[in-house]
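Enquirer: Here it is, the structure, as structure tokens.
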Amino acid sequence: MMTRTTPDAPASPSNATADRTVLPAPVNGYRGIWYALGYVYEHGDKYSGGLGTYTADHVPMAVYAPAVKKTFFTYGGTTGETQRQLVIMVSYYDHARHEIPRPVALHTDIGVDDPHDNATLHIDADGHIWIFKSGRALMRPGIIYKSRAPYSIEAFENVSQQEFTYPQAWPVDGDGWLMLFTKYRHAQPPHLHRELYWKTSRDGRGWSADTKLAGFGGHYQVSARAGRRIGTFFNWHPGGDNDRRTNIYYAQTDDFGKTWTNVAGKPLALPLPGPVNDALVEDLQSHGRLAYTSDLNFDETGAPVLLFVTSSAAEPGPRGEPREWTTLHWRDGAWRRRVVTTTGHNYDMGSLYVHGKKWGIVAPSERGPQAPWAGGEMALWVSPDEGATWKRDVQITKNSLYNHSYARRPIGATDPFYSFWADGDPTRMSRSHLYFCDSTGRNVWRLPYNMDAATAKPEKIRT
């Protein structure tokens with residue numbers, strides 16, 4: 008017998024029947040989760056607001072499926088406007104019909120309101136939707152779900168429960184899955200090491216042993232894939248203190264994890280031994296700068312391009328200025344560093360788009376209604392010359408009620424679902440809507456907070 012969850016009676020952590028089938032319940036609207044970390048400084052919380060598409064370490068959260076002309080996506084939702092219960096939501100945008108169905112509630116942990124538990128999503132070669140729900144240290148397990156049918160969100164199998172946080176799983180043709188993820192280990196009190204690991208699987212069910220990539224203090228990472236190449240870049244937390252995060256490192260594998268190298272192809276001895284190693288790209292610690300990772304992409308030659316924010320302080324406000332959107336591009340045997348623009352908060356996360364020599368960034372770089380709290384107004388920045396020069400092409404959102412944050416890039420991003428994100432008032436609990444825009448940044452849609460039919464057209468809010 009199979010069961011169906013309901014949004015008013017959310018499922019338990021292992022919400023599967025004896026045959027491990029989960030029938031997620033449709034929900035009458037797109038309602039993002041609101042969250043506040045609670046580390047409040049003179050100029051606001053460390054981060055807060057509408058965090059349905061949080062964190063930068065949840066990669067990817069959306070994938071375009073050309074076979075069915077749909078973009079499938081996941082986000083952190085909730086059960087109602089005044090609720091903070093986290094629900095892992097799954098849905099899709101139908102490009103042919105320009106409509107969206109009711110999203111489905113795949114997973115709920117009773118009492119969990121933390122979007123660190125958000126999920127990632129990918130699609131295998133047969134069209135099955137895979138959801139990797141993040142765990143949280145040893146408190147809650149990571150969970151893997153697989154759709155019962157290709158390109159369908161009506162039924163899933165609860166495949167397994169494992170220890171992983173910030174899952175970043177990449178399918179590689181002919182080999183299977185390579186997952187990069189984080190484990191928490193005790194460091195100097197009161198801190199925890201965020202150690203980086205990877206493992207592989209032929210079928211997503213049986214996995215190799217966890218292999219440590221780096222754990223010399225703590226790290227946050229963002230990864231990406233180009234063909235058979237999987238790359239990751241990450242920072243370092245001296246003493247396990249993530250408020251001291253600094254430096255930039257890069258590692259890659261072209262052979263499904265058999266060997267890892269730096270960007271120049273030099274093999275790396277794993278786990279990396281300490282802060283000075285062959286994966287080091289930029290020494291920010293010696294300049295008193297912090298690093299907040301955003302996105303990783305590859306140019307047409309397969310060379311990596313890194314996007315991150317640098318800052319002078321962990322807390323919001325003027326002490327952290329200048330906060331700079333920065334790119335690093337491996338070109339002609341060297342890293343080319345460019346500053347794109349400044350931003351108002353360390354957690355103003357954005358996404359990087361690479362189309363030949365023309366690059367773009369969608370990010371909340373403009374002052375929002377709740378400045379200087381996290382997020383702001385979304386803007387599209389463009390470069391015609393591989394990041395050598397940048398200009399703001401268009402301000403995507405204007406005169407908003409709430410700050411927008413965490414712009415996410417779908418794999419295979421296809422108009423009009425080119426970038427998606429959430430909004431919310433970071434100063435107090437509020438509604439959180441979901442949005443998407445096209446590649447021009449001039450056409451923006453909002454997903455309906457309430458739905459009275461099985462499908463709906465997104466609401467256009469700007470042309």
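Sequential numbering of the sequence shown, starting at 8, is according to the numbering used here. C-beta atoms are modelled at their ideal positions from N, C-alpha and C, and glycine is treated no differently.
#1: Going by Cα to Cα distance, which pick from Pro-73, Gly-36, Phe-163, Pro-148 is closest to Arg-27?
#2: Thinking C-beta only, is Pro-329 closer than 8 Å to Trp-380?
#3: Do you know how far the Cα of Val-283 is from the Cα of Pro-455?
#4: Determine, using beta carbons only, whether Thr-172 and Ala-144 come nearer to each other than 8 Å.
#5: Which same chain residues end up closer than 8 Å to Lys-273 when comparing Cβ atoms and leaving out the 5 residues on each side of it in sequence?
#6: When you compare the CB positions of Phe-241 and Leu-287, do they come within less than 8 Å of one another, or not?
#7: Let me check understanding here. Comparing Cα to Cα, which of Leu-44, Pro-31, Asn-35 lies closest to Met-436?
#8: Return the CA-CA distance between Lys-467 and Asp-445, expressed in angstroms with no decimal places.
#9: Hey, how far is the Cα of Val-346 from the Cα of Ala-414?
#10: Report the option in His-244, Met-68, Trp-205 whose CA atom is closest to the CA atom of Gln-259.
#11: Is Thr-333 near Thr-349, with beta carbons less than 8 Å apart?
#12: Roughly how many angstroms separate the alpha carbons of Pro-14 and Met-68, rounded to a whole number?
#13: Hey, would you say Ser-293 sits closer than 8 Å to Leu-314, going by beta carbons?
#14: Rounded to whole angstroms, what is the Cα-Cα separation between Ala-271 and Val-111?
#15: Under the rule that 16 or more other beta-carbon atoms within 10 Å means buried, what is Leu-113, buried or exposed?
#16: Answer with buried or exposed for Lys-398, where buried requires no fewer than 16 other C-beta atoms within 10 angstroms of its C-beta.
#17: What is the rounded straight-line gap between the Cα of Pro-108 and the Cα of Gln-175?
#18: Does the separation of the CB atoms of Val-401 and Ala-420 fall below 8 Å?
#19: Using the DSSP secondary-structure output, state which residues sit across from Phe-223 in a beta bridge.
#20: Which partner residues does Tyr-71 have in the DSSP bridge list?
#21: Taking the alpha carbon of Phe-424 as the reference point, which residue from Tyr-71, Gly-51, Ala-156, Trp-41 has its own alpha carbon closest?
#22: Counting only the same chain and skipping the five closest in sequence on each side, list residues whose C-beta sits under 6 Å from that of Ile-33.
#23: Return the CA-CA distance between Arg-6 and Gly-83, expressed in angstroms with no decimal places.
#24: Are Gly-238 and Tyr-257 touching if we call contact CB-CB under 8 Å?
#25: Going by beta-carbon coordinates alone, are Leu-128 and Thr-62 separated by less than 8 Å?
#26: Within its chain, find whatever has a CB closer than 6 Å to the CB of Ser-208; leave out the 5 residues flanking it on each side and keep chain order.
#27: Just list the beta strand (DSSP E) runs in the region 393-443, keeping only unbroken ones of 3 residues or longer that don't cross its boundaries, in chain order.
#28: Measuring CA to CA, which of Val-361, Gly-234, Thr-470 is closest to Trp-388?
#29: Just to confirm my understanding: we take Arg-469, look at its own chain, exclude 5 residues before and 5 after, and list those with CB closer than 8 Å. What are they?
#30: Closer than 8 Å by C-beta to Gln-219: which residues in its own chain qualify, once you throw out the five before and the five after it? Chain order, please.
#31: Let me check understanding here. Comparing Cα to Cα, which of Tyr-442, His-336, Arg-147 lies closest to Glu-393?
#32: Using the beta-carbon count (16 or more within 10 Å), is Glu-161 buried or exposed?
#33: Taking only runs that begin and end inside the region 163-247, name each unbroken alpha helix (DSSP H) of 4 or more residues, in chain order.
#34: In this structure, how does DSSP classify Arg-453 when only helix, strand and coil are distinguished?
#35: Helix or strand or just coil, what does DSSP make of Arg-326?
#36: Name the DSSP beta bridge partners of Asn-304, please?
Expert: The relevant details are as follows:
#1: Stepping through the sequence shown from its first residue, residue 27 is reached at position 20. Considering only alpha carbons, the answer is Phe-163.
#2: Taking the sequence shown and counting its residues from 1, the one referred to as residue 380 is at position 373. Taking the sequence shown and counting its residues from 1, the one referred to as residue 329 is at position 322. No, the pair does not count as a contact, with Cβ atoms beyond the cut-off.
#3: Taking the first residue of the sequence shown as 1, we reach residue 455 at position 448. Taking the first residue of the sequence shown as 1, we reach residue 283 at position 276. Rounded to the nearest angstrom, the two C-alpha atoms are 49 Å apart.
#4: Here residue 172 refers to the residue found at position 165 of the sequence shown. Here residue 144 refers to the residue found at position 137 of the sequence shown. Contact: yes.
#5: For the purposes of this step, residue 273 is identified with residue 266 of the sequence shown, where counting begins at 1. These residues qualify, in order along the chain: Asp-285.
#6: Walking along the sequence shown from the start, residue 241 turns up at place 234. Walking along the sequence shown from the start, residue 287 turns up at place 280. It is not a contact, given that the beta carbons lie outside the stated cut-off.
#7: For this step, residue 436 is matched to residue 429 along the sequence shown. Comparing Cα-Cα distances from Met-436 to each of Leu-44, Pro-31, Asn-35, the minimum goes to Leu-44.
#8: Counting from one through the sequence shown, the residue named residue 467 turns up at place 460. Counting from one through the sequence shown, the residue named residue 445 turns up at place 438. Rounded to whole angstroms, Lys-467 to Asp-445 spans 11 Å at the Cα level.
#9: Start at 1 with the first residue of the sequence shown, and residue 346 comes out as number 339. Start at 1 with the first residue of the sequence shown, and residue 414 comes out as number 407. Straight-line Cα distance between these residues: approximately 19 Å.
#10: The residue given as residue 259 occupies position 252 in the sequence shown. Nearest C-alpha to Gln-259: Trp-205.
#11: Residue 333 sits at position 326 when you count from the first residue of the sequence shown. Residue 349 sits at position 342 when you count from the first residue of the sequence shown. Cβ distance not < 8 Å, so Thr-333 and Thr-349 don't count as in contact.
#12: Locating residue 14 in the sequence shown gives position 7, where the first residue counts as 1. Locating residue 68 in the sequence shown gives position 61, where the first residue counts as 1. Confidence is the limiting factor: at Pro-14 the pLDDT is only 41, short of 50, which leaves the residue's position unreliable, though a coordinate-based value still follows. Near 21 Å, if we compare the C-alpha coordinates of Met-68 and Pro-14.
#13: In the sequence shown, residue 293 corresponds to position 286, counting from 1. In the sequence shown, residue 314 corresponds to position 307, counting from 1. Result no, Cβ atoms of Ser-293 and Leu-314 do not sit closer than 8 Å.
#14: Within the sequence shown, numbered from 1, the residue matching residue 271 stands at position 264. Within the sequence shown, numbered from 1, the residue matching residue 111 stands at position 104. Answer to the nearest angstrom: the Cα atoms are 44 Å apart.
#15: In the sequence shown, counting from the first residue as 1, residue 113 sits at position 106. So Leu-113 ends up on the buried side.
#16: Residue 398 sits at position 391 when you count from the first residue of the sequence shown. So Lys-398 ends up on the exposed side.
#17: As a first step, residue 108 is located in the sequence shown; it is residue number 101 there, counting from the start. As a first step, residue 175 is located in the sequence shown; it is residue number 168 there, counting from the start. Distance between the alpha carbons of Pro-108 and Gln-175: 26 Å.
#18: Here the question's residue 401 lines up with position 394 in the sequence shown. Here the question's residue 420 lines up with position 413 in the sequence shown. For Val-401 and Ala-420, no; Cβs fall outside 8 Å.
#19: Here residue 223 is taken as the residue at index 216 of the sequence shown, counted from 1. Bridge partners of Phe-223: none, in fact.
#20: Reading the sequence shown from its first residue, position 64 is the one you call residue 71. BP columns for Tyr-71 point to Thr-78.
#21: If you number the sequence shown from 1, residue 424 lands on position 417. Ranking the options by Cα distance to Phe-424, first place goes to Tyr-71.
#22: Here residue 33 refers to the residue found at position 26 when the sequence shown is read from its first residue. Before going further, note that residue 33 is Pro rather than Ile in the sequence given. Once the five neighbours on either side are set aside, the close Cβ partners of Pro-33 are Arg-109, Val-111.
#23: No information on residue 6 is available, as it lies outside the stretch 8 to 470 that the chain covers here.
#24: Here residue 238 refers to the residue found at position 231 when the sequence shown is read from its first residue. Here residue 257 refers to the residue found at position 250 when the sequence shown is read from its first residue. A contact, by the Cβ cut-off of 8 Å.
#25: The residue you call residue 128 lines up with position 121 of the sequence shown. The residue you call residue 62 lines up with position 55 of the sequence shown. Cβ distance not < 8 Å, so Leu-128 and Thr-62 don't count as in contact.
#26: Reading the sequence shown from its first residue, position 201 is the one you call residue 208. Gly-183, Trp-184, Trp-214, listed in sequence order.
#27: 398-402, 410-415, 426-431
#28: Position 381 of the sequence shown holds residue 388. Here the closest residue by C-alpha is Val-361.
#29: Counting from one through the sequence shown, the residue named residue 469 turns up at place 462. Cβ neighbours of Arg-469 beyond the five flanking positions: Ile-403, Thr-404, Lys-405, Arg-449, Asn-450, Val-451.
#30: Locating residue 219 in the sequence shown gives position 212, counting from the first residue. The identity of residue 219 in the sequence shown is Lys, whereas the question assumes Gln. Excluding sequence neighbours, Lys-219 sits near Glu-202, Leu-203, Tyr-204, Leu-277, Pro-278.
#31: The residue you call residue 393 lines up with position 386 of the sequence shown. That would be His-336, whose Cα lies nearest to the Cα of Glu-393.
#32: For the purposes of this step, residue 161 is identified with residue 154 of the sequence shown, where counting begins at 1. When all chains shown are included, Glu-161 counts as exposed.
#33: none
#34: Along the sequence shown, one-based indexing puts residue 453 at 446. Looking at Arg-453 - three-state DSSP - the assignment turns out to be strand.
#35: Here the question's residue 326 lines up with position 319 in the sequence shown. Arg-326 falls in the helix class under three-state DSSP.
#36: Against the sequence shown, residue 304 aligns to sequence position 297. BP columns for Asn-304 point to Val-312.
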